[in-house]
Each structure stands twice: as C-alpha cells, then as structure tokens.
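Chemist: For the record, the sequence lines run as chains D, R and Z. Counted from 1, the first sequence has number 745 at position 29 by our numbering; the numbering is strictly sequential. Counted from 1, the second sequence has number 650 at position 9 by our numbering; the numbering is strictly sequential. Counted from 1, the third sequence has number 762 at position 180 by our numbering; the numbering is strictly sequential. If you scroll down you'll find the structure; I have some questions about it.
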Amino acid sequence: MSAKRRGMGIYCASLFGFLYLPLVVMIIFSFNDARRNVVWRGFTLKWYKALFQDAELMSAMLTSLELALAAAGIAAVLGMLASYAMVKHKPFRARGAYDALLNVPLMMPEVALGVGILTFLVRAGYELDFMALASSHALICLPYTVAAVRARLISLQESSLEDAAMDLGATEWQAFVKVTLPLAMPAIISGALLSFTVSFQDFVTSFFVAGIGIVTMPIKIYSMMKFGVTPEINALSVCLLVATFILIGFNAAFAVRPDEGARH
Amino acid sequence: MSEKVTRRGFLKAAVLAPLLPAFLDACRRADDRRVVNFFNWSNYIGKDTLPDFTKRDGIEVRYDLFADEDEMFAKLRAGAKGYDLVVIGDYLIPRFRALNLSDPIPTGALKNINNLSARFRRPEYDPEEGSVPYMWGTTGIAYNKKKLKKPPTSWWDLWDEKYKDRVSMLDNVRDCIGVALLMLKLPATTRDPEHFRKVRELLVKQKPLVKQYSSSSYLNSLVSGEIDLAMTWSGYLFQTARENPDLDYVIPKEGTHLWVDSLTMLRGSRHRADTLRLIDYLLEPEVAAANANSVRYASPNEKALKFVDPVLLKDPRVYPTGAMMKNLRLNAVLDPEQSELWNQTWADVKVA
Amino acid sequence: MSSLNRALSWLLGGRKPLASHLLLAPATLWLIFLLVIPAGGLIILSFAKNGPYGAIVWEFSLQNYARAFDHKYLPVLFRTLAFAAATTLTCLVAGYPLAYFLTFRAGRWRNALLVGLMVPFWSSCLVAYYSWMIVLGKEGLLNSALIRFGFLSEPIGFLYTPFAILLGLVYFYLPFTVLPLYASLEKVPRSVIEAAYDLGADRWTAFFRVTLPLSLPGVVAGCVLTFIPCLGDFLTVEILGGPRYYLLGNLISNQFMMAQDWPFGSALTTLLLIGLVGGLWLYQAWEKA
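What follows is the structure in structure tokens.
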C-alpha cells in the first residue's frame, strides 16, 4: 500500500519535473555568458543588469501585468454574473445557444479572432487603446471563468445553503453576499488565475488588436525570439517567477485557504 | 476576521482592477508630445540612431517591431492605424499603393534626398517615387564553415540529399519562388501555369530535406548547430556572424536577387512634418553610415559610403563587385495576376 | 431594508426574465461586440472573392468553400485531428493520476501544488518553448546527456519533429486537463467512496466503479478544453514543428498572413467553427438522450 502510494508520489513529482524543466533551464541560462544561450559559456550577472536598464522590456512587462489583471478582473465579473443567472435563474429561451456561444472564443482560431476584432474595431472607428485589448482578452478568458464558476454554483445549488439562509430570513442579496459569493470565491479565484494566465500568454490576438505603442511581453519576446532570445528575457522570466512565488507565499501566509469554505 | 478582510479586499480589487488601466491609459493619452510612430523589422536599425534623433530634434520615436513581413502586412491591411512610417520590401510598394495603405512621400521636401544613389530609386516599382530606399542586400546561402567540407556554390546545394535535415529556407514567397524560377532559368515575369507547376515541383521535392522554413529563427538554428545551411538575407547573417565566426555567406553562381527595402509613409499619418524630419535625418550621410555599419546591410546612400566601415565596404559579400553585380537580378515587378500565381504556388508548397 | 438591497435582491432572485437578462447583459455585450460581429464579418467575408494584390472583391461566390474541400487540404485536416487527439489522450492519461493525487493524497500541500501547476505558465509560453529548444536541440541538453551516458553515439534532431510538436502541445495543455479533472474529483463525496470500501470493494474496484464514473464530467471538460484549442493552435508548430507538419491553425493563419487571401481564410475559419459547434451540439444532444 505505502509502496504504491510512494509510486504515485514519484510519478507526480516527475510530472512536475516535466513542467518545471524548462523553467530550470531558463534559470540556469539566465546566468549564461553567451548572447544566444544554447551553449554554456560561464557565469554572469550581466543579463540582469541589462534587463533593469532595458526600459522597453520593463514597460512591456508592466503592460502585460496590467493587461492580465484587467482581463481577469473583467472576465471574473462578467463570468460570475452570467454563471449566476444561468444556474440560479429559470432557463430562458435560447439558453443552449447562449451556452454554445460562450464556448466559441475557445474554438475560434486566434488569428481569425484577431483579424475579426481588429477589422471591426477599425471599421467602427474605435481607437485601438488599452481597453480594446483588455476587452478582447477578457472575451478569450470568459469561457474559462464561466466553466470554473458555473460548476461551483451548481454544486452549491445542490447543497441549497442559500435557500437555508433565506429560510432564516436573509434577503437574496444578503444570502448572495454572505453565502454564495464567499463559497463561490475559490472558483472565482481559480477562474481568475486561469484568465490571468491566458491573457498573460496571449500573443496572436494581442499582435493584431494592440494599438501603437502597446507592447506586451509576448509581443516583445516573440519579436526578439525570432532572432534568438537574449538571456535578458530569461532573466526577466526568472524575476517574474520569483515575484510570483513571493506573492503566493504572502497569499498563503495571510489569506484563508481558498477551498476551506466549501469543504462542508 | 482576517478572512473577511481579504475577501472584501479581493472583491474591491476585482471591481477596481479593470478601472486602473483605463485610468493609466488616460494619463498616457493626455500628453501630446511630438512623436513619430515607426514600424520596422527587428534588428534593422543602429542602437543609437533613434535616441540621437530624439536628443537632437526633440521628437520622440515610438518604435514597434515586426519579425515577419507577412504579419506586418496583415496587421496594416486589417486597418491598424497610427503608424507613420514603415520599412517594406520593394515588391510590396505596389501592393501598398493598390490597397491604399501608403501615401507618396513628398521627396521634394527632403533636403537629403539627393544623397541616394540613383540606381536604387526604383521607378518601375514606384512610379511616383514616393518611397525612400533604406537598405539593400542580397539573398544568398549561409553556411557553417566547420560543418561543411566544401562551401556551397550553387542553389542546387540546398537540394543536395547529403544535407538532409540540415537546411533551412526563408519563409517568404518572393525569395523562394524567385530563386526557384532562377534555378529553372525561367523568366521572373512568367505567367505560364506550366512554369509554376515546375516551380512547385522543385520546391516540393526539396521539402523532405528542409528542417525549417523561417525568416529569422534560422539564425539561431545556425548558431546552435541545428542546421548547417540556410537561405538567408545578407545582413542578418553578417550580424549573426559577429557572434559565430564559423558562419559565412555566399552568393550562388546562378546569381540571386538584389532587393531594396524602403521607408514608406502610411496613409492617414498624423505626424507628417515630423516623419519627414525623421526620414531626412536617416538620409544624413553620417547617420546612414552608422546605421548601415550596425545592421550590416548595404546602404543605398551614396554620400554615406565614405563613412561606412572600410572593412564592410571592401567586402564583396556586402557590396558585390561590378562583375558580381551583373549576376544579380533586381526583383521583378509583378502585376496582380503574377503575384497571385506566386502566392498560390507558395501556399501549395507549404501545404504539400 | 434599503431600496438598494431590495433592488439587488430582485435582480438576484430572478423571478422575472428581465432580471436574468440584466445579469447576463455585460457578458452578452462582450460576446456581441467582440465575437458575434467580428465573426459575422468573417463569415460574410468568406463569400467574397480575393481580388488583385489580395484586395477584397465584394461579389458573392462559393468558390472559397469549394476550394476548402480540395483534396490537398485533407491531409492537413487529418493530421490536425490526429495531433489534437494524441495530445488530449496523453494529457488525460498523464494528468488523471496527478489530479487524483492532488485531490486525495496531497493533503496540506494541495493548494501549493495546484498553484504550482499554473506557475510555469506565468512566464511566457514562448520562453518555455524556447527552453525546450535548448533541451531538444542537436547540441542540446537531452542529446548531450544521452551521449554522455552512452545511449547514443550520434545526436538526434528532436526539434522540428512530430515528437517535439506533441511534447509542446502536451506541455502547454496539461494544466487545462488537470484542473477540470481536479475540480470534478474534488466534488466526489468521500462518503460514497468510503461506502464502497465498507461494502468490501478493493481500491481498484472502488476507483473504477465509483470514483472514475463520478469524475467523468471533469474528464469530458478536460478533453474539450484541450482538444478544441489544439485544433486551432499554430504557435507550437511555428516554433517547435517542422515544415512537414503543417496543421489547420497554420493553414488558416497563413491565409491571413502569407497568402493574403482573407476570404479563403475566413471560409476555413467558418468551416472549423461549424465543425466544432456542430460537434459540441451533437455531444450535448447525445448526453441528454
């Protein structure tokens, strides 16, 4: 029994190894003293120095962070409201079609989506600003948020906790704020995390919809990468990684476990 | 207790997060400094060229990059507005005009326009002479001296079975179809379907040998030893060879194409006067020379040549000698029907 | 009770259809303006003709659809389906034990591991792919290691092969399979599993008779979230794949980029969407039946 258990642990560890291998490579080669980092040529910190002096790269990173935050935020709000209506309310006509429509952003080839949105916005005379890009990203994130939140709301529905709250005299709004929302929060957070990731990664749609001077990380990296990533980008990724871990650490130290509320 | 606070905090953050970027954006837009929006290939300008311009003339240059001509073209075609200046290949000039993407540059207003050598102004492409040549170069073969026993001399070497999986080709209609026509000794302006069938066959036959079709990442593959031979644009290879001295460049004996990239002003530019100043600046002999020294393509600027690094100037791979020049074809001007045939053939090769 | 409280309660109570529509309104707005209209534009475009220099000629024609069924594009379709299926299957088989482990075995490490699963994707996938290039390259880490330990005498070109494409796809989509699996495994009531044990089931029986069937919604969700984006993926092939493994996403993007044939690209997109939406609809109909 325990041997089997260990086997599974080892298997999962190796899967994590697979996921983290590129990161390890990236970390190692961010200290590599060669511009095209395919061969190890000795230890250096110069890429980190170059990184902090590279205003373009730093601003691309900030843009991407803002963008991912905005897209995840918008998608979380839209997705929460829509999921709530779909789960808690009586089904309206054409609900099936609406459901299908919500999944279409996943299926659209990104190039087509990018070209479509760009053409439409330009025709409509809308300036390609930050909000245009953030809104497009939010659209791509929406299916992920809805998928996460709706599943949770359905299982809450089954547990009829909200009904219990209302039986005890709470209004719908109070039940929502005191019961549904806190219990749905883990799902909202996990949906938002997915959204953040999707937006932070997105290259193709961004390439088309980004207006002048809006350079996101993937756009910047893609154009640099065509000519071989300089280790500067590795250094940047390492910094992001460290920042992510620090944030997660803070979160773990100060916040509740996301799924604690839903346990019972 | 802390639980509630974080949750409420999270809610607030979730509500406010979308507003924050809008706010930042509004701050950004409030400034109306003088600015030129410049869209160019990556690695295609000297490091100090633009900062020096900003320092001197006080005009900011917002510089966006593309690594692939097709991506750039698709984006501009879809209507991405706001760019003032873009660098495009000679064959794209008629397309930009036909699709109403560009406006002719009033070259009369440029002080330095006569610094350009006359033979790079291409009236056949650009009857209005509304674009300004930026750099020129050739398409040839890059190879790794250490890995190849004898240097390639012919385009046919890229079709040689013994280099299977060690070859890369440019992911570009103009170069691949153009070179195939050259190899088959067919006229570049043909519109005979039979000719294009032969071209397709030739390129499809090579496909099993090709490791990648790429317009830029092949440089990395050359350095890392993934491939040993590549169809390349001259300057990019010389830039890469600064890091890896084993790389060399050869113009095949069948000859090749000489192409000219030009500065083109986009329709609807809102900063015309400042864009003209930037173009004028790029045409200044010292500036053009420093720029060419850095990107290692040849400069079409005659007055700049005396400031160009003599090593480059004497290098026949960068500035081919008179005898070699005879072997170079200028890119042919294609009418819409021909260019459709080229595109179609190339698309078929990619799918095959 | 304030009137705001009452209004919000009316909205959330949803006894009137208007309330649902109001709640759905923001999402609907987004879908209409950023999806329906742009996609509608592409569908209209798919009936237009490609004119000189890639200009669009507004003349009704079905030639783009006729072209799409040309036999030369069929291999691309089959190849795409094969890669998407292989990726989905690999992700599922590799990811299920991980999801299982996260749900039932990870204990207090679970949240950390869940977040850890997503962390690699917060750096750009482009950087991750590039790192894979360093690993898989001819003079890369994998080849050096294999040669060092005597498994190989000559380096193998792993890059730009189907293997590299599959690896890239699996790498990228694994979390998209694991997270829905986890979400659905987590909902399996422990009491039901314990009941199975109490009734004398061994571990495997309990798993196959109880846990696995109850987690099927997650399996389906994970498969859908992996399979569908795989069909349209083009970056992976662009970066890790070679010229001989051209997928649907590349075909479509090439129509918009290289070939500058937007009407044809739109027709291909329309067909892909019809196939996917139709497929999902059939699946839902089957599920209900």
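Glycine included, every Cβ here is placed at the ideal spot set by N, Cα and C.
Counting only the same chain and skipping the five closest in sequence on each side, list residues whose C-beta sits under 8 Å from that of Y960 (chain R).
Modeler: In the second sequence, residue 960 (chain R) corresponds to position 319, counting from 1. Around Y960 (chain R): A939, L953 and L954.
Chemist: For a contact meaning CB atoms closer than 8 Å, what does N587 (chain Z) contact in chain D?
Modeler: Here residue 587 (chain Z) corresponds to residue number 5 of the third sequence, with the count starting at 1. Within 8 Å of the CB of N587 (chain Z), the CB atoms of chain D belong to T887, W889 and Q890, in sequence order along the chain.
Chemist: Looking at chain Z, which residues of the segment 728-748 of chain D have a Cβ within less than 8 Å of any of its Cβ atoms?
Modeler: C728, L731, F732, F734, L735, Y736, L737, P738, L739, V741, M742 and F745
Chemist: Quick check: the segment 842-860 of chain Z against the segment 741-751 of chain Z, are there 3 or more CB pairs under 8 Å?
Modeler: no
Chemist: Are there 16 or more other CB atoms within 10 angstroms of the CB of D672 (chain R), so buried, or fewer, so exposed?
Modeler: Sequence index remark: in the second sequence, residue 672 (chain R) carries index 31 (1-based). Interpretation of D672 (chain R) is limited by its pLDDT of 46, a score under 50 that renders its predicted location unreliable; the figure taken from the coordinates is listed afterwards. D672 (chain R) comes out exposed.
Chemist: Short check: CB of N756 (chain R) to CB of N942 (chain R), under 7 Å?
Modeler: Counting from one through the second sequence, the residue named residue 756 (chain R) turns up at place 115. Counting from one through the second sequence, the residue named residue 942 (chain R) turns up at place 301. Yes. Within cutoff.
Chemist: Is M882 (chain D) close to the ligand PLP? I mean its beta-carbon at under 6 Å from any heavy atom of the ligand.
Modeler: With respect to the ligand PLP, the structure shown offers nothing to examine, as it has no ligands at all.
Chemist: Along the segment 695-717 of chain R, what residues have a CB closer than 8 Å to any CB found in chain D?
Modeler: R703, D705, L706, F707, A708, D709, E712, A715 and K716
Chemist: Between the C-alpha atoms of A667 (chain Z) and A867 (chain Z), what's the straight-line distance to the nearest angstrom?
Modeler: In the third sequence, the residue the question calls residue 667 (chain Z) occupies position 85. In the third sequence, the residue the question calls residue 867 (chain Z) occupies position 285. Answer to the nearest angstrom: the Cα atoms are 22 Å apart.
Chemist: Would you check if there are 3 or more beta carbon pairs closer than 8 Å linking the segment 796-804 of chain Z to the segment 760-772 of chain Z?
Modeler: yes
Chemist: When we look at the beta-carbon of N950 (chain D) and count the other beta-carbons within 10 Å, is it buried (16 or more) or exposed?
Modeler: Against the first sequence, residue 950 (chain D) aligns to sequence position 234. N950 (chain D) should be labelled buried.
Chemist: Mind the definition here: the segment 782-794 of chain D touches the segment 903-922 of chain D only if three or more C-beta pairs lie below 8 Å; say whether that holds.
Modeler: yes
Chemist: According to DSSP, what are the bridge partners of W900 (chain R)?
Modeler: Here residue 900 (chain R) corresponds to residue number 259 of the second sequence, with the count starting at 1. BP columns for W900 (chain R) point to R:G778.
Chemist: Do the CB positions of A776 (chain D) and M933 (chain D) come within less than 7 Å of each other?
Modeler: Taking the first residue of the first sequence as position 1, residue 776 (chain D) is located at position 60. Taking the first residue of the first sequence as position 1, residue 933 (chain D) is located at position 217. In this structure, M933 (chain D) lies closer than 7 Å to A776 (chain D) by Cβ.
Chemist: The alpha helix (DSSP H) with K991 (chain R) in it runs from where to where?
Modeler: As a first step, residue 991 (chain R) must be located in the second sequence, where it is residue number 350. Note, K991 (chain R): alpha helix (DSSP H), P977 to V992.
Chemist: Am I right that A601 (chain Z) and G595 (chain Z) are in contact with their C-beta atoms under 8 Å? What's the rounded C-beta distance?
Modeler: Looking up residue 601 (chain Z) in the third sequence gives position 19. Looking up residue 595 (chain Z) in the third sequence gives position 13. At roughly 7 Å, the Cβ-Cβ gap stays under 8 Å, so A601 (chain Z) and G595 (chain Z) are in contact.
Chemist: Taking L742 (chain R) as the reference, give the member of R:Q985, R:D889 and R:S910 with the closest Cα.
Modeler: Translated into positions along the second sequence, residue 742 (chain R) becomes position 101. Minimum Cα distance to L742 (chain R) is reached at R:S910.
Chemist: Can you name the residues that DSSP bridges to G730 (chain R)?
Modeler: Your numbering for residue 730 (chain R) matches position 89 in the second sequence. Beta-bridge pairing links G730 (chain R) to R:D902.
Chemist: Once DSSP output is grouped into helix, strand and coil, what is the label at Y938 (chain R)?
Modeler: Sequence index remark: in the second sequence, residue 938 (chain R) carries index 297 (1-based). Look at Y938 (chain R) here: in three-state DSSP terms it is coil, with no helix or strand label.
Chemist: Can you grab the Cα-Cα spacing for the pair L823 (chain R) / L843 (chain R), in whole Å?
Modeler: On the second sequence, residue 823 (chain R) is found 182 positions in, with the first residue counted as 1. On the second sequence, residue 843 (chain R) is found 202 positions in, with the first residue counted as 1. C-alpha separation (whole angstroms): 12 Å.
Chemist: If you compare alpha carbons, which of Z:I738, Z:L862, Z:G857 and Z:A849 is closest to A648 (chain Z)?
Modeler: Reading the third sequence from its first residue, position 66 is the one you call residue 648 (chain Z). Answer by Cα proximity: Z:A849.
Chemist: Under 7 Å between C-beta atoms, does P795 (chain Z) make it to chain R?
Modeler: Taking the third sequence and counting its residues from 1, the one referred to as residue 795 (chain Z) is at position 213. So, not an interface residue.
Chemist: Which same chain residues, not among the five before or five after P792 (chain R), have their C-beta less than 8 Å away from its C-beta?
Modeler: Working through the second sequence from its first residue, we reach residue 792 (chain R) at position 151. Within the same chain, P792 (chain R) has close Cβ partners Y784, K786, D889 and V891.
Chemist: Within 10 angstroms of its Cβ, does T794 (chain R) collect 16 or more other Cβ (buried), or is it exposed?
Modeler: Working through the second sequence from its first residue, we reach residue 794 (chain R) at position 153. Counting Cβ neighbours within 10 Å, T794 (chain R) comes out exposed, since fewer than 16 surround it.
Chemist: I need the DSSP call for Q853 (chain R), collapsed to helix, strand or coil.
Modeler: Counting from 1 along the second sequence, the entry for residue 853 (chain R) is found at position 212. In the structure shown, Q853 (chain R) sits in a strand (DSSP, three-state: E or B).
Chemist: Would you list, in sequence order, the uninterrupted alpha helix (DSSP H) runs of no fewer than 4 residues that lie entirely inside the segment 818-849 of chain R?
Modeler: 834-847
Chemist: Select from R:A993, R:V773, R:K788 and R:D902 the residue whose C-alpha is nearest the C-alpha of T748 (chain R).
Modeler: The residue given as residue 748 (chain R) occupies position 107 in the second sequence. Ranking the options by Cα distance to T748 (chain R), first place goes to R:V773.
Chemist: Excluding the five sequence neighbours on either side, which residues of its own chain have a C-beta within less than 8 Å of the C-beta of P925 (chain D), listed in chain order?
Modeler: In the first sequence, the residue the question calls residue 925 (chain D) occupies position 209. The displayed chain sequence assigns Val, not Pro, to residue 925 (chain D). Around V925 (chain D): G830, I833, L834, L837, L844, A848, L849 and S852.
Chemist: Could you spell out the range, first to last residue, of the alpha helix (DSSP H) harbouring E884 (chain R)?
Modeler: Numbered from its first residue, the second sequence carries residue 884 (chain R) at position 243. Per DSSP, E884 (chain R) belongs to no alpha helix (DSSP H) and is neither H nor E.
Chemist: Going by beta carbon distance, what residues of the same chain come within less than 7 Å of L737 (chain D), once the five residues before and after it are set aside?
Modeler: Sequence index remark: in the first sequence, residue 737 (chain D) carries index 21 (1-based). Once the five neighbours on either side are set aside, L737 (chain D) has no close Cβ partner at all.
Chemist: Taking DSSP's pairing of strands, which residues face T873 (chain R) in a bridge?
Modeler: For this step, residue 873 (chain R) is matched to residue 232 along the second sequence. The partner list for T873 (chain R) (beta bridge, DSSP) reads R:G781.
Chemist: Between the alpha carbons of M872 (chain R) and V931 (chain D), how many angstroms are there, rounded?
Modeler: Here residue 872 (chain R) refers to the residue found at position 231 when the second sequence is read from its first residue. Here residue 931 (chain D) refers to the residue found at position 215 when the first sequence is read from its first residue. Cα to Cα, M872 (chain R) sits roughly 30 Å from V931 (chain D).
Chemist: Between N813 (chain R) and V865 (chain D), what straight-line distance do the alpha-carbon atoms span, to the nearest angstrom?
Modeler: Residue mapping note: residue 813 (chain R) aligns to position 172 of the second sequence, counting from 1. Residue mapping note: residue 865 (chain D) aligns to position 149 of the first sequence, counting from 1. Annotation: N813 (chain R) to V865 (chain D) spans about 45 Å, alpha carbon to alpha carbon.
Chemist: Can you pull the chain D residues whose beta carbon is under 7 Å from the beta carbon of F703 (chain Z), in chain order?
Modeler: The count along the third sequence starts at 1 and reaches residue 703 (chain Z) at position 121. Residues of chain D passing the Cβ test: T913 and Q917.
Chemist: Measure how close the beta-carbons of F629 (chain Z) and F642 (chain Z) come, nearest whole angstrom, since I'm counting them as under 8 Å.
Modeler: As a first step, residue 629 (chain Z) is located in the third sequence; it is residue number 47 there, counting from the start. As a first step, residue 642 (chain Z) is located in the third sequence; it is residue number 60 there, counting from the start. Going by Cβ atoms, the distance from F629 (chain Z) to F642 (chain Z) rounds to 5 Å, so yes, they are a contact pair.
Chemist: How would you list, in chain order, the residues of chain D whose beta-carbon sits under 9 Å from the beta-carbon of G730 (chain R)?
Modeler: Position 89 of the second sequence, counted from the first residue, corresponds to residue 730 (chain R). Simply none; closest approach about 17 Å.
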